[in-house]
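In the working numbering, the protein residues as written are 456 to 562.
Glycine included, every Cβ here is placed at the ideal spot set by N, Cα and C.
If you're wondering where the values come from, they're calculated on a predicted model, not measured in any experiment.
Note sheet for the following structure.
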């Protein structure tokens, strides 16, 4: 009987380890929690298979993130005027194609 208990403990260990890894692994994007205001048209989005970039052609500093077609959102990135930065994954990533850029946080 003790042998059977030891086997079930060993069988449960990989499942517990996987659960722990999933609980502490941060994802590149999180689910959108509400409706976000679209970024102004002076902020341009460039999407490739690997990355999504944003370029701020506005006269003001803006904070933007990518809203993906599946509803997930990338991290919030603050871009000063004239800046371009990679702010999300590309269309081959976990969330697929980007839908649009949205405003987030405060600059």
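Sequence-distant residues of its chain with Cβ nearer than 6 Å to residue i (five each side left out)
i	result
residue 501	508
Sub-9 Å separation of residue i and residue j beta-carbons
i	j	result
residue 518	residue 541	no
Status (buried if at least 16 other CB within 10 Å, exposed otherwise) for residue i
i	result
residue 529	buried
residue 522	buried
residue 499	exposed
Closer than 8 Å: residue i CB and nearest the ligand FAD heavy atom
i	result
residue 516	As for the ligand FAD, it is missing from this structure, which has no ligand bound.
Contacts around residue i, its chain only, beta-carbon distance under 7 Å, and the 5 residues preceding and following it disregarded
i	result
residue 557	491, 492, 493, 494, 519, 520 and 522
Those residues which DSSP pairs with residue i across a bridge
i	result
residue 525	Paired residues: none, contrary to the question.
residue 530	Its beta-bridge partners do not exist; DSSP assigns none.
residue 543	507
Beta-carbon proximity list for residue i, same chain, < 8 Å, skipping 5 on both sides
i	result
residue 535	511 and 516
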